[in-house]
Amino acid sequence: MVIDSEITVIGTFNLDPRSANLNTECIAIIHSQKVAKSVLKGMEIEFNPENSWETTLEFNPDSEVNNLKRVKTWTRKVLPKEIL
């Protein structure tokens, strides 16, 4: 995240229940216009439509995930965090 073109916040939070529930995430706050400018430039590239999945009624990118990855993801939801 870039705030006011001079503060950059980089964190490890993921949009999944583990990040929200375990609360073991961390962030770095960088006060630098040079870093902010570089991060914004990279974000502009990454946010181009050709770098994004498009979900429609006809296509859902989740269908592209193989079964092994589905099992790994599911086990992370049900196993006690001490095992992970």
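Numbering (this note's numbering), first residue to last: 52 to 135.
Where is the CB? At the ideal position from N, CA and C, for every residue including glycine.
From a predicted model like this one, the values you see are computed outputs, not experimental measurements.
Could you tell me the boundaries of the beta strand (DSSP E) in which residue i lies?
i: threonine 75; result: Neither: threonine 75 is in no beta strand (DSSP E) and is coded neither H nor E.
Please determine, among the options, the residue with the shortest C-alpha to C-alpha distance to residue i.
i: cysteine 77; options: Ser89, Ala87, Thr63, Pro68; result: Thr63
i: valine 86; options: Glu57, Lys120, Leu130, Val122; result: Glu57
i: isoleucine 54; options: Leu91, Asn99, Pro112; result: Leu91
i: threonine 124; options: Val60, Met52, Arg69; result: Arg69
Could you have a look at residue i and say whether DSSP puts it in helix, strand or coil?
i: valine 60; result: strand
message = Just to confirm the assignment: which complete beta strand (DSSP E) runs, minimum length 3, are found wholly within the stretch 86–124?
response = List check, beta strand (DSSP E) in window: nothing returned.
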